[in-house]
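S.K.: Below is one structure. I have some questions about it.
2 protein chains.
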Amino acid sequence: MTVDLETGTRGRTRKAILDAAVRVLAADPGASLGQISDAADVGRTTLHRYFPDRAELVAAVMQEAGRRLGDAASRARLDEGPGLDALLRACQALLQLGDLLTLMFTGVVSIETCGAEHGFAQALDDACTRGLADGTLDPRLTPSWLQGVLWSSLYLGWSELRDGTTPPHEVVSQLLLTVRKALAAPAA
Amino acid sequence: MTVDLETGTRGRTRKAILDAAVRVLAADPGASLGQISDAADVGRTTLHRYFPDRAELVAAVMQEAGRRLGDAASRARLDEGPGLDALLRACQALLQLGDLLTLMFTGVVSIETCGAEHGFAQALDDACTRGLADGTLDPRLTPSWLQGVLWSSLYLGWSELRDGTTPPHEVVSQLLLTVRKALAAPAA
DNA sequence: CCTCTATGGAACATCAGTGTTCCACTGGGT
DNA sequence: ACCCAGTGGAACACTGATGTTCCATAGAGG
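Protein chains in written order, with my numbering: chain A, 377 to 564; chain B, 377 to 564.
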């Protein structure tokens with residue numbers, strides 16, 4: 377019988393470590409493994425049992441990030457409807473990623489690497505070109521800039537959400553409002 | 377005769393180290409002092425002669441950041457004209473800060489600390505409230521969010537500028553266009 | 001009761017970054 | 001020629017993070 381990494385005791389501690397890693401590394405990319413194991417309520421020895429290397433831990437975080445990125449993408453149904461609306465749905469879905477956004481933004485995990493394997497990057501690209509074609513996105517903006525606005529706005533939204541001074545629903549509405557205004561094609 | 381830290385040989389190497397620190401720390405906040413001294417074409421010993429501590433080096437970087445932030449603010453004349461136009465002038469001025477934007481955004485230097493001493497934070501706040509009062513800024517957005525959009529867009533613009541795939545004038549135009557669209561009050 | 005699995009802790013060697021000291025070199029100014 | 005401020009490099013001790021090994025313990029299940 378092979379060991380299942382997703383269920384049972386093993387799976388639970390593995391997940392605890394992974395979650396703690398995301399949380400701690402988002403707050404401080406240079407955090408020590410000891411800080412991570414503490415946050416996971418686990419001995420440093422145990423952490424090394426699951427992830428022999430710091431590199432392997434980071435790799436696992438990236439893989440997890442890719443998985444959740446893919447989930448968010450499919451939940452957002454990026455291939456449906458007008459391009460602008462797809463991007464706004466992406467905003468809402470990606471905001472759920474929480475600290476992972478910080479990790480992707482600070483470069484602890486690379487958006488390209490972990491977004492590519494699950495076809496996320498491609499889906500986002502497609503939504504942008506579709507939006508430029510169907511006239512819902514501002515033709516004066518380049519695809520690269522469009523996506524940049526999406527990510528940086530997302531990071532801003534998560535920052536506001538995290539420090540908790542603004543109620544979540546207001547963050548969402550300000551985020552969607554801002555992105556829609558910024559990216560929408562001007563009225564004909 | 378007291379030593380002048382701004383001119384002569386001393387001033388020049390001091391500036392070289394400071395510039396290198398900004399450049400290197402922007403690329404990697406956890407960079408070693410050796411990397412910084414290498415980038416400054418200076419021995420590690422010399423670096424320690426000017427900044428005994430890593431902390432003192434960072435403090436000096438923050439002070440320099442504050443100074444240049446203040447310069448940019450006064451150049452942008454934040455207290456003149458409609459609020460929205462003031463913010464757009466701030467965008468253009470702040471974009472000149474280059475790698476300092478990365479440092480402020482990644483938290484290596486704190487915007488609050490080094491922006492406060494030169495009255496920059498206050499000037500920006502004032503421009504926002506003025507813009508909300510004179511009807512040029514979108515009243516549905518909070519002052520905190522307005523400033524957040526400014527900073528994150530600025531960071532996006534600098535990122536595009538830095539990797540050099542987009543010509544500078546295009547970055548500036550996309551930046552100003554995006555920020556204006558995002559923050560402007562809707563047409564009555 | 002015994003066993004097996006998962007764990008935490010102690011101890012250890014290793015390594016990189018830091019901060020310090022000391023010495024030798026250079027170039028400009030007298 | 002001399003002096004001297006400025007510099008770079010070598011060497012050192014110290015610290016904190018890392019990765020490893022070994023052992024003791026707790027708990028679920030036979």
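Note that beta-carbon positions come from the ideal geometry of N, C-alpha and C, so glycine has one too. Quantities reported herein were computed from a predicted structural model and do not represent experimental measurements.
Measure the alpha-carbon distance for B/Lys391 versus B/Thr383 and round it to whole angstroms.
M.R.: In the second sequence, counting from the first residue as 1, residue 391 of chain B sits at position 15. In the second sequence, counting from the first residue as 1, residue 383 of chain B sits at position 7. Each residue's Cα considered, the two are about 10 Å apart.
S.K.: Quick one: Cα of A/Thr489 to Cα of B/Phe496, how far?
M.R.: Locating residue 489 of chain A in the first sequence gives position 113, counting from the first residue. Locating residue 496 of chain B in the second sequence gives position 120, counting from the first residue. Each residue's alpha carbon lies about 38 Å from the other.
S.K.: For the 8 Å Cβ check, are there 3 or more pairs between the segment 547 to 558 of chain B and the segment 464 to 479 of chain B?
M.R.: yes
S.K.: If the cut is a Cβ gap below 7 Å, which residues of chain A does B/Leu500 touch?
M.R.: Locating residue 500 of chain B in the second sequence gives position 124, counting from the first residue. Correct list: empty, because the minimum Cβ distance to chain A is about 16 Å.
S.K.: For B/Trp527 and A/Trp534, I'd like the C-alpha separation in whole angstroms.
M.R.: For the purposes of this step, residue 527 of chain B is taken as residue 151 along the second sequence, with counting starting at 1. For the purposes of this step, residue 534 of chain A is taken as residue 158 along the first sequence, with counting starting at 1. If I take the Cα positions, the gap works out to 14 Å.
S.K.: Leaving out the 5 sequence neighbours to the left and right, which residues in its chain are closer than 6 Å to A/Ile412 when beta-carbon positions are compared?
M.R.: Along the first sequence, read from residue 1 onward, the residue named residue 412 of chain A stands at position 36. Cβ within range, chain order: Ala396, Ala397, Val400.
S.K.: Mind checking whether A/Val547 and A/Glu536 have CB atoms under 8 Å apart?
M.R.: For the purposes of this step, residue 547 of chain A is identified with residue 171 of the first sequence, where counting begins at 1. For the purposes of this step, residue 536 of chain A is identified with residue 160 of the first sequence, where counting begins at 1. Going by beta carbons, A/Val547 and A/Glu536 fall inside the 8 Å limit.
S.K.: Would you list, in chain order, the members of the segment 462 to 489 of chain B that have their beta-carbon closer than 7 Å to a beta-carbon of chain A?
M.R.: Thr482
S.K.: Check the Cβ of B/Gly442 against every Cβ in chain A and list those closer than 9 Å, keeping chain order.
M.R.: Position 66 of the second sequence, counted from the first residue, corresponds to residue 442 of chain B. Within chain A, no residue comes near B/Gly442; the closest Cβ sits about 22 Å away, beyond 9 Å.
S.K.: For the alpha helix (DSSP H) that contains B/Pro544, what are its first and last residues?
M.R.: What you label residue 544 of chain B is simply residue 168 of the second sequence in a count that begins at 1. Per DSSP, B/Pro544 belongs to the alpha helix (DSSP H) from 544 to 559.
S.K.: Who pairs with A/Leu513 in a beta bridge, going by DSSP?
M.R.: Within the first sequence, the letter at position 137 stands for residue 513 of chain A. Looking at the DSSP assignment, A/Leu513 forms a beta bridge with A/Ala560.
S.K.: Thinking just about the alpha-carbon of each residue, which of B/Ala415, B/Cys504, B/His545 is nearest to the one in B/Leu460?
M.R.: Here residue 460 of chain B is taken as the residue at index 84 of the second sequence, counted from 1. Per the Cα distances, B/Cys504.
S.K.: Hey, does B/Val437 have any beta-carbon neighbour from chain A nearer than 8 Å?
M.R.: Position 61 of the second sequence, counting from 1, holds the residue named residue 437 of chain B. Taking Cβ atoms only, chain A never reaches closer than 8 Å to B/Val437, which makes this a no.
S.K.: Would B/Gln523 and B/Leu500 be called neighbours here (beta carbons separated by less than 8 Å)?
M.R.: Residue 523 of chain B sits at position 147 when you count from the first residue of the second sequence. Residue 500 of chain B sits at position 124 when you count from the first residue of the second sequence. Cβ atoms of B/Gln523 and B/Leu500: closer than 8 Å.
S.K.: How would you label B/Ala558, buried or exposed, when you count the other beta carbons within 10 angstroms and need 16 or more for buried?
M.R.: For the purposes of this step, residue 558 of chain B is identified with residue 182 of the second sequence, where counting begins at 1. The residue in question, B/Ala558, is buried, as its Cβ has 16 or more Cβ neighbours within 10 Å.
S.K.: Which same chain residues, not among the five before or five after B/Asp475, have their C-beta less than 6 Å away from its C-beta?
M.R.: Position 99 of the second sequence, counted from the first residue, corresponds to residue 475 of chain B. Cβ within range, chain order: Val398, Arg399, Ala402.
S.K.: Between the alpha carbons of B/Thr482 and B/Gln498, how many angstroms are there, rounded?
M.R.: As a working note, residue 482 of chain B is residue 106 in the second sequence. As a working note, residue 498 of chain B is residue 122 in the second sequence. Going from the Cα of B/Thr482 to the Cα of B/Gln498 covers about 21 Å.
S.K.: For B/Glu493, does the three-state DSSP call read helix, strand or coil?
M.R.: Position 117 of the second sequence, counted from the first residue, corresponds to residue 493 of chain B. B/Glu493 falls in the coil class under three-state DSSP.
S.K.: What does the Cβ neighbour count give for A/Gly387, buried or exposed, with the cut at 16 atoms within 10 Å?
M.R.: The residue given as residue 387 of chain A occupies position 11 in the first sequence. So A/Gly387 counts as exposed.
S.K.: With a threshold of 16 other CB atoms inside 10 Å of the CB of A/Ser408, please say whether the residue is buried or exposed.
M.R.: The count along the first sequence starts at 1 and reaches residue 408 of chain A at position 32. Exposed, since its Cβ has fewer than 16 Cβ neighbours within 10 Å.
S.K.: Going along chain B, which residues have a C-beta under 9 Å from A/Val434?
M.R.: Within the first sequence, residue 434 of chain A is the residue found at index 58, counting from 1. None at all; the shortest Cβ gap to chain B is about 14 Å.
S.K.: Excluding the 5 residues flanking B/Arg453 on each side, which residues of the same chain have their C-beta closer than 8 Å to its C-beta?
M.R.: Here residue 453 of chain B refers to the residue found at position 77 when the second sequence is read from its first residue. The residues are Ala462, Arg465.
S.K.: Can you tell me whether DSSP reads B/Gly533 as helix, strand or coil?
M.R.: Numbered from 1 along the second sequence, position 157 holds the residue referred to as residue 533 of chain B. Correct three-state label for B/Gly533: helix.
S.K.: Could you confirm whether any beta carbon from chain B is found closer than 8 Å to the beta carbon of A/Met377?
M.R.: On the first sequence, position 1 is the one that residue 377 of chain A refers to. Because A/Met377 carries a pLDDT of 41, less than 50, the predicted location of this residue cannot be relied on, and the following value inherits that uncertainty. For A/Met377, the answer is no, since every Cβ of chain B falls outside 8 Å of its Cβ.
S.K.: Please say whether B/Ala560 and B/Thr512 have beta carbons closer to each other than 8 Å?
M.R.: Locating residue 512 of chain B in the second sequence gives position 136, where the first residue counts as 1. Locating residue 560 of chain B in the second sequence gives position 184, where the first residue counts as 1. Against a cut-off of 8 Å, the Cβ pair of B/Ala560 and B/Thr512 comes out as a contact.
S.K.: Do we get a CB-CB distance below 8 Å when we pair A/Val525 with the residues of chain B?
M.R.: The residue labelled residue 525 of chain A in the question sits at position 149 within the first sequence. A/Val525 counts as touching chain B.
S.K.: Report the option in A/Met438, A/Arg538, A/Gly491, A/Val418 whose CA atom is closest to the CA atom of A/Ala449.
M.R.: In the first sequence, the residue the question calls residue 449 of chain A occupies position 73. Out of A/Met438, A/Arg538, A/Gly491, A/Val418, A/Gly491 has the C-alpha closest to the C-alpha of A/Ala449.
S.K.: So what does DSSP say about A/Ser413, is it helix, strand or coil?
M.R.: Numbered from its first residue, the first sequence carries residue 413 of chain A at position 37. Helix.
S.K.: Find the nearest neighbour of B/Ser486 within the set B/Leu517, B/Val437, B/Gln472, judged by alpha-carbon distance.
M.R.: As a first step, residue 486 of chain B must be located in the second sequence, where it is residue number 110. Selected option, being the one with the closest Cα: B/Val437.
S.K.: On the CB-based measure, 16 or more other CB atoms within 10 Å of its CB, does B/His494 come out buried or exposed?
M.R.: Translated into the one-based positions of the second sequence, residue 494 of chain B becomes position 118. Buried.
S.K.: Would you identify the three-state DSSP class for B/Arg430, choosing helix, strand or coil?
M.R.: On the second sequence, position 54 is the one that residue 430 of chain B refers to. Residue state, collapsed to three classes: helix.
S.K.: Check the Cβ-Cβ distances between A/Ser528 and every residue of chain B, and say whether any is below 8 Å.
M.R.: If you number the first sequence from 1, residue 528 of chain A lands on position 152. Closer than 8 Å to some Cβ of chain B, the Cβ of A/Ser528 qualifies, so yes.
S.K.: If we ignore side chains and look at the alpha-carbon of each, how far apart do A/Arg506 and B/Pro428 end up?
M.R.: Along the first sequence, read from residue 1 onward, the residue named residue 506 of chain A stands at position 130. Along the second sequence, read from residue 1 onward, the residue named residue 428 of chain B stands at position 52. Each residue's alpha carbon lies about 56 Å from the other.
S.K.: If contact means a Cβ-Cβ distance below 8 Å, which residues of the segment 415 to 428 of chain A contact chain B?
M.R.: none
S.K.: Could you tell me if A/Met377 is buried or exposed, where buried requires 16 or more neighbouring beta carbons within 10 angstroms of its beta carbon?
M.R.: Numbered from 1 along the first sequence, position 1 holds the residue referred to as residue 377 of chain A. A caution first: A/Met377 carries a pLDDT of 41, below 50, which makes its placement in the model unreliable, though a value can still be read off. Label assigned to A/Met377: exposed.
S.K.: If you reduce the DSSP assignment to three classes, tell me which class A/Tyr457 lands in.
M.R.: Within the first sequence, residue 457 of chain A is the residue found at index 81, counting from 1. According to the sequence as given, residue 457 of chain A is Gly; it is not Tyr. Note: A/Gly457 maps to coil in three-state DSSP.
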